[in-house]
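*Asks:* Quick one: structure below, then a few questions.
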Amino acid sequence: MSSQRARANHCLYLAKIVSQAWQEELDKERIASSTLTQAFLEPTRCHLIAAYGWFLLATCNAEPPPNGSLPRGCDDLQPMPEGRMFPPEINEFRQLEETGWLQTMLRESQLES
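What follows is the structure, encoded as structure tokens:
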């Protein structure tokens, strides 16, 4: 399942590139920060959510679902095969999805187009 972890790391790398470009544009002060937020926040968030999905799969030692969509959270994970339980980290992730920083990241965007 190291390919899941590699894919997660690649998504984190993409998020880093986007966030660095965002910061560079902020530093130039040519475009209003609110406009830059509209341009950069959602792509950054999408890369981070994809990374989280790949990390969830890696944590569970699972393959992506047949439809090819990544889990956005623990509730999207396929049931574990008979005789196996979810790793304890999944319970921690579930808690963070309900009340922690993961909840904020996974919440639908409130940005207006």
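Under our numbering, think of the first position of the sequence shown as 1257, with each following residue one higher. All C-beta atoms in this analysis are idealised placements derived from N, C-alpha and C, irrespective of residue type, glycine included.
1) According to DSSP, is residue 1359 part of a helix, a strand, or is it coil?
2) Buried or exposed for residue 1360, going by 16 or more other Cβ atoms inside 10 Å?
3) Within its chain, find whatever has a CB closer than 6 Å to the CB of residue 1271; leave out the 5 residues flanking it on each side and keep chain order.
4) For the putative contact between residue 1335 and residue 1326, defined by C-beta atoms under 8 Å, what is the C-beta separation to the nearest angstrom?
5) Nearest to residue 1331 by CA position, among 1324, 1262, 1340 and 1351, is which residue?
6) May I ask you to report which of helix, strand or coil DSSP gives residue 1312?
*Replies:* From the atom records:
1) Looking at residue 1359 - three-state DSSP - the assignment turns out to be helix.
2) exposed
3) 1300, 1303 and 1304
4) Incorrect: roughly 17 Å between the Cβ atoms, too far for contact.
5) 1351
6) helix
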